[in-house]
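From first to last, the protein sequence lines stand for chains G and W.
Residues in the first sequence are numbered from 237 upward in steps of one, following this note's numbering.
Residues in the second sequence are numbered from 2 upward in steps of one, following this note's numbering.
Backbone N, C-alpha and C fix where the C-beta goes; we use that ideal spot for every residue, glycine too.
Quick caveat: nothing in here was measured; it's all calculated off a predicted structure.
Below is one structure, written out as structure tokens; comments come after it.
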Amino acid sequence: MTEVIDTATAMGRPIRRKEDARLLHGQTNWTDNIQLPGTLHMAILRSPMAHARITNLDVSGALKMPNVVAAFGAAELGELNGSVPCVWPVTDDIVMPAFPALAVDKVRHVGDCIAVVLATDAVHAADALEAIQVDYEPLPAVVSMESAISEGSAFVHDDKGTNTCYVYNLGGGYDEAAAKADVIVKRRFINQRLIPAFMEPRCVVAAPMGMSDEITIWTSTQIPHVLRVLLALVTGIPENNLRVVAPDVGGGFGGKLQCYREEILVTQLARKLGRPVKWTETRSEDMVATHHGRDQIQDIEIAATSEGKMLGLKVTLLANMGAYLQIITPGVPLLGMFMYPGIYKMDAYDFKCTGVFTNTTPTDAYRGAGRPESTYAIERIVDELAAELGMEPMELRKKNWIKHEEFPFTTVAGLTYDTGNYEAATARALELFDYDGLRAEQAERRASGDPVQLGIGISTFTEMCGLAPSRTLGALKYVAGGWEHCTIRLLPTGKVELVTGTSPHGQGHETAWSQIASSILGVPVEDIEVIHSDTGRSPYGMDTYGSRSLAVGGQAIKKAADRLVEKARVIAAHQLECSVEDIEFVNGSFRVKGDPEKAQPLGAVAFEAFTGHNLPPGVEPTLSAEATVDPEDFSYPHGTHLAAMEVDTETGKVKLRKYVCVDDVGVQVNPMIVEGQVHGGLAQGIAQALYEGVIYDEDGNLKTASLADYLLPSAMDLPSFITDTTVTPSTTHPLGTKGVGEAGAIASTPAIMNGIVDALRPLGVNDVTMPAAPMTVWRAIQAAKAGGAA
Amino acid sequence: MIPVAFDYVRPTSIDEAVAALAAGGEDAKVMAGGQSLMPVLRLRLGAPSLIVDCSRIDEMIGIRDSGDAIVIGSATTHHAVMHDSLVNEYVSLLAKATATVADPQIRHRGTMGGSLAHADPAGDLPAVAAALDATFTIAGPGGRRSVGASDFFVDYFTTAVGDDEVLVNVSFPKRAGWGAHYEKFNRTAQAWAIVGVAATVRMDGGRIAEARIGLTNVAPMPVRARSVEAALAGAADIAAVAAAAESAADGTSPTTDIHADAEYRNHLTRVLTRRAVVKAAGW
Ligand SMILES: Cc1cc2nc3c(=O)[nH]c(=O)nc-3n(C[C@H](O)[C@H](O)[C@H](O)COP(=O)(O)OP(=O)(O)OC[C@H]3O[C@@H](n4cnc5c(N)ncnc54)[C@H](O)[C@@H]3O)c2cc1C
């Protein structure tokens, strides 16, 4: 069934996603579906301890088990035991410990890899792990960040003699601003550790490809291009001999933005053994070995006048690195650093972040990466300031936010927000929410002492999308650029191949990119094939994360398509025997201005370019164009999110009754995909507020090691979201787009928590730690009753 | 994860099942819906050498009226139980509690008898069986025997069913016209109970004439809130229920886990008992 699409308006239409049929009908290829003859299955022995010396490791028992072909500890692996890379040394004096794929002498978190077994089938590989002998000498586990940096703590890495990874400072001047303030509000927020919990567990297959020296690696990753470079650097395999393919990938949320030790091991062992090697993680492994996200202790201080004018903000963070540094572990808090001031005008901003090592799973990017943490802090503290001043929280926001006529606006953190219209998004959200009606109900419930109290949570957020201008990344010591690439090839039959450097894993790029190209080239959406996520077929790219794919990749598509039209125009002019200036391109056809009968469709030009029989002098056969675009700046989506929270004060149980959000993500290529991204993001952000949270015991054991204990919400736990958008096009992005991948996850968490605190404020509660589990909320109420509120 | 290899048989009669268990020795394990057993095997927390699948034994499946009681085959799925008209009429507490178990997929596979035999302190059905004084029929090498609910639940994950025995069916005395409510307190819709209260009441002239209350996840085994039951006799309003519910946590021995500590569980037990009884009474 083909949907007939008016190509001229393909942009902006909510057309169904091309990729859905194959995904929904089970006709796709996940990495685990790949079955190559002669494959060896790898199983991994992982540390059950958070911190221990390995006093004895003997893998020989495993070799005697049925179907086992090889087994390796660090000693057996020798030189092939590469070190997991970190590409973001945020300061000159950052402490960067070694991170061997297989632990050498010591294990440093539950889940650390100790040994691997390779068998001809996965069952026997798993069985053979039990035949490996390991003796441990337990060492004191460093679990909490505060004790990690206090005097006398054991060290996660003895050779470093410190658990402080780095200290990063920005700003200055807060004290001066605070001195002028009438009111200063301080809070400590705990932005708890989360597990990405994507639906498809990780999987890697590596195979030496026989006819050449090439090793092909299929892996469930967000970053095939970046991974290829990193694997070449780590393994020493020439980059030209590595091909990395990400087949359909079942979610990532940052958790597959990584160069994992398992990817290194599978690649090295395929090379060493000369056979395909495959590893598929179990959910239990995923919980301890896929990187975690968030995990910051945030000390936040805001200074204001008694009229509610914000003067300054001071942010002091402890950021948990976990046991090792992975790809951008140290940089994640810095992605949030610029966003703590949010949408507000103020005079001063001080930021200090201390990265801390602990005997826990390494942290890294998770949906929003730094910005959910900063948005949480600013939106929570603004509500606290409003309470302190006795002001309506929305009024306080309006008083301080950047007005739409003030854009472009350079914030106190040094970013220039190009556009925005907080007034419009807020007005629409208030209307959809029935804000006044709910405030009236809240007053009634307060007056009657209803055991179920109602709270209204506000989050007026902005975020930073479109990673990233390369010069900015360079200034932040990130070792790569932030450009994106697109090649568009017009085939002789008029079909189009669009090669992108982005790497979708659920976002619908095949559809959206087709829509962009369709609207420029006038070719039907279904005639455009989007090629991606394979370094053999799409050699250049910086992949997908940080809501960058449309914001940056979209620009490359536009530029390549425009270039292609220009090349075709020259050929068309030659065919139509007129000058290039006299040709206009309308709806997929080159026409002679003033003589629309004389026309040449793009497809005919493509065929001419293919035969080369009659090309103008100097024009080469074939019709293709490419573009690599470095973004001029970030983009800044924003929005207003409102949550109505019911809190059962007897039990502490919280119910999200109504959720309204109005997001401004700029120009929308496909509003249905935008809505889907918002919904998914909301579910994850709400889950941080209410359900999810990693718990380690004092010995560093993960207490939330399965999905029975680490609670993810299902559709049954969430209401129907009421979503809408306003459109304020970005002025720094040629398509006017901004990015939507993370907005929901960034904005919703503080909206929920502000709603809970708002419900309970008359009882004396002024903060609730996340996740707002019933017992946590109940205890906050009890403490407030006993006069113990902060 | 991948379980340790095991042998598998699927008998079609109770005698065959008992014989298979005897042959398999102490490493043999009964499986019904597998919804609790398979996770144990996959996490390699258990490694039986023989699985005796009892999910296709006709005598263990189905629901019948035996006159005074409704008899439910042990391998009847949660889904079948909650939608059965006899259960809804005479044992509505069971229907209501079963509807809160896990999610539809699991309810289509998991069985009532499996839940009771598994005896997870957080499982929803043991408290119901306790409140309703159910009778358990168990078959073993020595033939069949009947056990009352108060003797069936022995300890944390332990029942009167021996390693060589099979739970055949469970008989629930009919209680037509009783009001019933299962108050389950959990964090996500599909999660296990932090605390659950199973309450059923017989009303007479607007008063509670008789009440039966079972508590989930406040002790290693389901607990009957007998002092609350006694105090409820004659209760005519919510205030009387609230007063009676104050003693709901007496005699419990709740544990502390990541979702709740003992003090909070005791608090919940009191609040939820009040709510469950009020709803069962229709107030
Ligand atoms: C994700 C998830 C969520 C769940 N949530 C809930 C919940 O909220 N509330 C709840 O109550 N339960 C819950 N369960 C458990 C579910 O109800 C199970 O179905 C039930 O506990 C076991 O039933 P089963 O038929 O699957 O038993 P199995 O898993 O087959 O067996 C469980 C145990 O009982 C023994 N056994 C089974 N049948 C017999 C028999 N006839 N005779 C002797 N021994 C027997 C087995 O040997 C085994 O030890 C959940 C399960 C899952 C996987």
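List, in chain order, every chain G residue whose beta-carbon is nearer than 8 Å to that of residue i.
i        : result
Val5/W   : Asp363
Ala226/W : Correct list: empty, because the minimum Cβ distance to chain G is about 18 Å.
Which same chain residues end up closer than 7 Å to residue i when comparing Cβ atoms and leaving out the 5 residues on each side of it in sequence?
i        : result
Val229/W : Ile214, Ala245, Ala246, Ser248, Ala249 and Thr274
Ala237/W : Gly207 and Arg208
Ala334/G : Ser319
Quick one: which chain W residues come within Cβ less than 9 Å of residue i?
i         : result
Lys950/G  : It is Ser, not Lys, that sits at residue 950/G in the sequence shown. Asp104, Thr189, Ala190 and Gln191, listed in chain order.
Thr1103/G : In the structure as shown, chain G begins at 237 and stops at 1026. Residue 1103/G is therefore absent and cannot be evaluated.
Taking CB distances under 8 Å as the criterion, tell me whether residue i reaches chain W.
i         : result
Ile931/G  : yes
Val240/G  : Per-residue confidence for Val240/G stands at a pLDDT of 47, beneath the threshold of 50, marking its modelled position as unreliable; no derived number is given.
Pro437/G  : no
Tyr927/G  : yes
Thr985/G  : no
Ala358/G  : yes
Asp953/G  : yes
Ala1025/G : Any reading at Ala1025/G needs caution, since the residue's pLDDT is 48, under 50, leaving its predicted position unreliable; the model's value is listed next. Chain W, which has no Cβ nearer than 8 Å to the Cβ of Ala1025/G, makes this no.
Met237/G  : Since pLDDT at Met237/G reaches only 37, below the 50 mark, its modelled position is unreliable, and the value read off the structure follows with that caveat. Chain W, which has no Cβ nearer than 8 Å to the Cβ of Met237/G, makes this no.
In its own chain, which residues sit with a C-beta less than 6 Å from the C-beta of residue i, not counting the 5 before and 5 after it?
i         : result
Arg773/G  : Ile767
His79/W   : Thr99, Val102, Arg108 and Gly111
Arg681/G  : Gln689 and Leu690
Pro1010/G : Thr887, Gly888 and Lys889
At the 8 Å Cβ level, is residue i part of the contact set with chain G, yes or no?
i        : result
Val272/W : yes
Ile259/W : yes
Leu126/W : no
Is the beta carbon of residue i sitting closer than 8 Å to the one on residue j?
i         : j        : result
Val162/W  : Ile139/W : yes
Gly409/G  : Ala540/G : no
Ser695/G  : Glu615/G : yes
Leu378/G  : Asn556/G : One detail in the question is off: residue 378/G reads as Val in this sequence, not Leu. Against a cut-off of 8 Å, the Cβ pair of Asn556/G and Val378/G comes out as no contact.
Ala981/G  : Pro577/G : no
Val1004/G : Gly691/G : no
Leu466/G  : Pro321/G : yes
Against residue i, what residues of chain G qualify as contacts under a CB-to-CB distance less than 7 Å, listed in chain order?
i        : result
Tyr265/W : Met1011 and Trp1014
Leu269/W : Thr887
Near residue i, which residues of its chain fall below 8 Å by C-beta distance, leaving aside the five closest residues on each side in sequence?
i        : result
Arg282/G : Val346, Gly347, Asp348, Cys349, Ile350, Glu521, Val524 and Ala525
Pro644/G : Thr652, Tyr653, Asp654, Thr655 and Thr967
Ala809/G : Ser815, Val816, Asp818, Ile819, Phe826 and Pro852
Thr159/W : Ala120
Leu338/G : Phe308, Gly309, Ala310, Leu313, Asn317, Cys349, Ile350, Ala351, Val352, Arg497 and Leu501
Residues of chain W with a CB under 8 Å from the CB of residue i: which are they?
i        : result
Leu947/G : Arg188, Thr189 and Ala192
Thr940/G : Ile259
Could you name the residues of chain C that residue i contacts, counting a contact when the two beta carbons are closer than 7 Å?
i        : result
Asp686/G : Looking for chain C here will not work: the only protein chains present are G and W.
Is residue i near ligand 2, going by C-beta to nearest heavy atom under 7 Å?
i        : result
Thr858/G : Here the bound small molecules are ligand 1; ligand 2 is not part of this structure.
Secondary structure, alpha helix (DSSP H): runs of 4+ residues fully inside the segment 360-436 of chain G: 381-384 and 410-415
Every unbroken beta strand (DSSP E) within the segment 449-507 of chain G, with a cutoff of 3 residues, ordered by chain: 451-455 and 478-481
Every unbroken beta strand (DSSP E) inside the segment 500-582 of chain G [3 residues or more]: 513-516, 529-540 and 546-558
Residue ranges of each alpha helix (DSSP H) within the segment 681-713 of chain G, 4 or longer: 706-711
Beta strand (DSSP E) runs contained entirely in the segment 129-157 of chain W, provided each spans 3 or more residues: 136-141, 144-149 and 154-156
Every unbroken alpha helix (DSSP H) inside the segment 202-246 of chain W [4 residues or more]: 227-233 and 239-246
3 or more residues per run - each beta strand (DSSP E) lying fully within the segment 756-836 of chain G: 764-767, 819-822 and 825-828
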